[in-house]
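Residue numbers (our numbering): 1069 to 1245.
Structure below.
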């Protein structure tokens, strides 16, 4: 196998070392370390063992560093959740959640027996009805609730088909015996 001819200059090594010391992002630090090791002549297998990256990732990082210097190694993801609702729509949802109860919107077909409190299932139906949208994850609904100022509450454990008069009769029977 031919010997690699990649050598970084002292300036490049110092630049990578400084960026590594001042970076708070673990993924970026791994890239910086891998490129510094690669450019100072470490064996590829040793670099892969030290950094835990794959050979293809190492070569891709080196290509990016060669093309764009340090900027090529930085994390370019924008982050955040892809919001399907605009800020105005979020405010509108908040107002509607405060104004209506699930029972007012869906009648007796709510996720809880009394329909007084919002649940993920009820919010899912409401967003489908209002905006024709659904989220893939329940955590997106939790985040929307949080953004609207709602806190998480444990739902009650009552069957929808429960008849209160029968419960009262049963409890009376238990007391008599």
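Where a beta carbon is used, it is the ideal one built from N, C-alpha and C, also for glycine.
Euclidean distance between Cα positions of residue i and residue j
i: residue 1177; j: residue 1159; result: 25 Å
i: residue 1199; j: residue 1101; result: 47 Å
i: residue 1137; j: residue 1189; result: 49 Å
i: residue 1218; j: residue 1077; result: 56 Å
i: residue 1125; j: residue 1091; result: 19 Å
i: residue 1175; j: residue 1242; result: 33 Å
As assigned by DSSP and simplified to three states, the class of residue i
i: residue 1170; result: helix
i: residue 1125; result: helix
i: residue 1218; result: coil
i: residue 1175; result: coil
i: residue 1245; result: coil
i: residue 1206; result: helix
i: residue 1096; result: helix
i: residue 1193; result: helix
i: residue 1186; result: coil
Exposure of residue i, with buried meaning 16 or more beta-carbon neighbours within 10 Å
i: residue 1170; result: buried
i: residue 1151; result: exposed
i: residue 1191; result: buried
i: residue 1107; result: buried
i: residue 1212; result: buried
i: residue 1168; result: exposed
Contacting residues, own chain, Cβ-Cβ under 8 Å from residue i (five flanking each side not counted)
i: residue 1122; result: 1116
i: residue 1215; result: 1158, 1162
Own chain residues within Cβ distance below 7 Å of residue i, not counting five before or after
i: residue 1084; result: 1100, 1103, 1104
i: residue 1096; result: 1141, 1142, 1143
Neighbour flag for residue i against chain E, beta carbons, 7 Å
i: residue 1174; result: In the structure shown, chain E cannot be found, because there is only a single protein chain.
Residues near residue i in its chain [Cβ-Cβ closer than 6 Å; skip 5 each side]
i: residue 1087; result: 1100, 1138
i: residue 1201; result: 1152, 1195
Query raised in the report: Do the stretch 1151 to 1165 and the stretch 1124 to 1143 make contact, defined as three or more Cβ pairs closer than 8 Å?
Result: With a cut-off of 8 Å, the stretch 1124 to 1143 and the stretch 1151 to 1165 do not count as touching, because too few Cβ pairs lie within range.
Query raised in the report: Are the stretch 1236 to 1245 and the stretch 1181 to 1198 touching, with three or more C-beta to C-beta distances below 8 Å?
Result: Put simply, the stretch 1236 to 1245 does not touch the stretch 1181 to 1198. Fewer than three CB pairs are less than 8 Å apart.
Query raised in the report: Is the stretch 1110 to 1121 close to the stretch 1083 to 1102, with three or more CB pairs under 8 Å?
Result: Taking a contact to require three or more Cβ pairs closer than 8 Å, the stretch 1110 to 1121 and the stretch 1083 to 1102 qualify as touching.
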